[in-house]
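Input: a single structure, listed below in structure tokens.
Residue numbers (my numbering), protein chains in the order written: chain A, 534 to 1368; chain B, 142 to 252.
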């Protein structure tokens, strides 16, 4: 893998680490390059960076990554690079020697040396064991067959991805968090997944029966088969896994079996070294083992009889450990744990003891229609446990009160309705909620950052989300606590920062709306002028603000503003779509999705002449020609122009396509000429630059074959006229349109379309699609501007048509005629033979 | 001694833009001109997924890769911010309005 090169273990029995002769510092050797080992080193560096010389051994050939985030990698939501906690530079900058891909196999405590698999042996002054856990493999026949894996490291994820590529069926044994995450990821990757769980309730250690049942139903609704109370008898297969047999004789075919029944502390190394080991490696409050020079931290340890498998206790342990190593003896006092999770996208929270018992009273709220279940367990007016399903917003609040053993007698009637309600007022003020949290309340579960740490980070001058993420790492991993961090920023920095939307980018303190308003108010005419007058903090902006400013100026000054090619994203500069290999795809316009033999011949000829490897029909009813080199683009366009075709703008923040169905001309259900109207609308709107891409469709009847109700502007023809729909989107967040109004004639449909398009062009923020824009301003506002205000509508329409009078020159024809040739051609070729 | 090859004039490159040049059979080089008329040369590949940096938006002394918006420092070739990676740089200088680039032997050493 990526980091393996150059890290290959050297077979050398002596230290190969070159220590400067004058480095007399004590040598701390860390066994384990995972979350605990590296966090301990981070804590140590934060206290006394120069005190120890540090060497870290890791069994896996990677830098330190966030094991909790393997699930999103499996699910395809993150890449490995995105879950790296500390990259190579961190090791280098802190002078840490990383020996990755070479697990330590023996500890000689008398000689104070560790020996790794490769034979490499290193002397230590202090040794830290952070070996974590091993997956528990149930001892059934067939457990060693190829295709049976655990879900613990990056290698397991790679194996699962490989299996998922081939498709077929998978069995996950274990319905705990890890098992369900594996099942979710494999389902998303297209496998048919069965989960086998020994107990009757999924995640029985975190959830009670009711919440477990809700979770099971939700997962079944996503196509997984969940078998609870199911006991695995054997894994069968000839040479590789073919399925799983249960005790009751049921056989479930599978080409992949993921064993996720639990983990247990990885203690073999410590045990063989003669350290005191019970369930885990025994440590005292300073994480010191039975040997004063050997420490241990994380999932491999047992403290005060407890073994932890969650991340939060690990952070506490690392703090105590680092304190101990730097002579500040705070001591670890054990952790009360809470679990706030997204299991397969479903919110789940639990904390404390929810098994009930004498003196415990349950307060329960069920909201079946929202799929919400909340249960708070109270004993002697103190919260002792909580289970939340579906709505976990108040998890942190309950947990905070639980840890502080706060008397909830006065608010217990309202407790179950959550913090906002119980603290009076009823309206949720997230800032007040976050302000009320205690300093040690956890904000970021992924990185173990408390409220107090975020606050001191902000007070130290990190006044933006990015700065907080870069320094204390809160919300830098999964991002689910971003809202909390933003609220903390607002609480600490005051309302100036809190109110209003975010600034446009790091180059300015103004928002998109501010900038836009000032451009018009001060009649600004160029990007440098905007940057000058609005005090930009960078010489020429960045790749976020330049395209936005270019668009705002273009929109404000039709026909006058000189478009800045260098502030365009590559696709708009090159008038084609860049592909991952650096070639481009070319989509000629086909009005309303119509074409003819001449156009088809021209496209076929281009494909052959320029050796395009693929032609694809797009979702917007066009043909997309792939694999064109930037040098060939002008010639391709010239050929397409010759057959009467112009740019399809498939590459732009602009009008993309008008999709149509065949309508009354051909279809027995058609009520109006949807094809004809689609062509007219496309002739009117093509070439217009927008805040984001913009798609239109016209359907000839309510059967809606052109899918007009997931378009930015959609027309659905009915017998009595035309229904106009706005703000639909078929992308990541599918949103059906809002009905704007119904009109009687084609001309009205066109007029409303032009007015709506112009309103969006003038008022949406750059890179804001119509769907979020309408969610933000409300459809009533749009109706008021377009439907109710007739004069306003007419003015918008007129401004749109005026702007269009400058924008309907085919950009391809200009390039084909030789404009901007420098964008397509390299500098003069230089033929010097390489030596 | 470094051999220098004349590849054209400053005016051949758009301000806040780039042109490419290929020397012999070597990897394509992107030659950048910044807003303040400095010139830099890098191998035309982002360290992330080999995106053609010459097609990115040039701002300050950085370029944003056109594929995934990584920011690459033009002087060092290093990825900025949280991203990690480095694109090889090629020595380049301006002399009397001409742009001179180090010849391939130096390029090889850089790559």
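All residues carry an ideal CB built from backbone N, CA and C; glycine is no exception. Computed from a predicted model, the values in this text were never measured in an experiment.
Taking C-beta separations shorter than 6 Å and ignoring five residues to either side along the sequence, the partners of residue 1299/A in its chain run 1081, 1084 and 1224, following chain order. Residue 1117/A sits in a strand when the DSSP states are folded into three classes. In terms of CA proximity to residue 1050/A, 1295/A leads the group 677/A, 748/A, 922/A and 1295/A. Spanning the alpha carbons of residue 218/B and residue 195/B requires a straight line of approximately 13 Å. Assignment of residue 1060/A by DSSP, reduced to helix, strand and coil, places it in the helix class. Here residue 729/A carries a strand assignment [DSSP, helix/strand/coil].
Contact note: residue 208/B reaches chain A through 1111 and 1113, using a C-beta cutoff of 8 Å and chain order. When 685/A, 789/A, 1187/A and 607/A are compared, the shortest CA-CA separation from residue 1217/A is found for 1187/A. Residue-level contact check: residue 1076/A touches chain B, since one or more beta carbons of chain B fall below 7 Å from its beta carbon. The beta carbon of residue 729/A sits closer than 8 Å to those of 704, 705, 706, 707, 708, 760, 763, 765, 777, 779 and 785, all from its chain and outside the five residues before and after it, given in chain order.
Here residue 225/B is not near residue 999/A, since their CB atoms are 7 Å or more apart. Within chain A, no C-beta atom comes nearer than 7 Å to that of residue 231/B; the closest sits roughly 13 Å away.
At least 7 Å separates the beta-carbon of residue 1099/A from that of residue 201/B. In its chain, beyond the 5 residues on either side, 726, 755, 756 and 757 have a beta carbon closer than 7 Å to the beta carbon of residue 720/A. Here residue 1025/A is near residue 991/A, since their CB atoms are less than 7 Å apart.
Residue environment analysis places residue 152/B among the exposed positions, since fewer than 16 neighbouring C-beta atoms fall within 10 angstroms of its C-beta. Here residue 804/A is exposed, its C-beta having fewer than 16 other C-beta atoms within 10 Å. Nearest in C-alpha terms to residue 1144/A, of all of 1153/A, 880/A and 1166/A, is 1166/A. Under the three-state reduction of DSSP output, residue 1159/A falls in the strand class. DSSP places residue 1069/A outside both helix and strand once states are collapsed to three, so it counts as coil.
Two segments are said to touch when three or more pairs of C-beta atoms, one from each, lie closer than 8 Å; by this definition the stretch 931-941 of chain A does not touch the stretch 890-904 of chain A. Contact between residue 854/A and residue 573/A holds: CB atoms are separated by about 5 Å, below the 8 Å threshold. Contact annotation: in the stretch 1350-1361 of chain A, residues whose CB is within less than 7 Å of a CB in chain B are 1355, 1359, 1360 and 1361. In the DSSP assignment, residue 919/A forms a beta bridge with 884/A and 909/A. The C-beta distance from residue 660/A to residue 647/A rounds to 7 Å, short enough to meet the 8 Å contact threshold.
Here residue 1307/A has 1259, 1260, 1271 and 1315 as same chain residues with Cβ atoms under 7 Å from its own Cβ, once five neighbours each way along the sequence are excluded. Residue 810/A places its beta carbon 7 Å or farther from that of residue 669/A. At least 7 Å separates the CB of residue 563/A from every CB of chain B.
Within 10 angstroms of the beta-carbon of residue 576/A lie 16 or more other beta-carbons, which makes it buried. Shown in chain order are the members of the stretch 1114-1140 of chain A whose Cβ falls below 7 Å from a Cβ of chain B: 1115. Given a length threshold of 4 residues, each whole run of the alpha helix (DSSP H) inside the stretch 617-684 of chain A is given here in chain order: 621-626. In the three-state DSSP reduction, residue 792/A falls in the strand class (E or B). About 6 Å separates the CB atoms of residue 1276/A and residue 1282/A; that is less than 8 Å, so the two are in contact. Nearest CB-CB separation between residue 143/B and chain A: not below the 7 Å threshold. Exposure of residue 674/A is indicated by the presence of fewer than 16 other C-beta atoms within 10 angstroms of its C-beta. Approximately 6 Å separates the beta-carbon atoms of residue 710/A and residue 876/A; this is inside 8 Å, confirming the contact.
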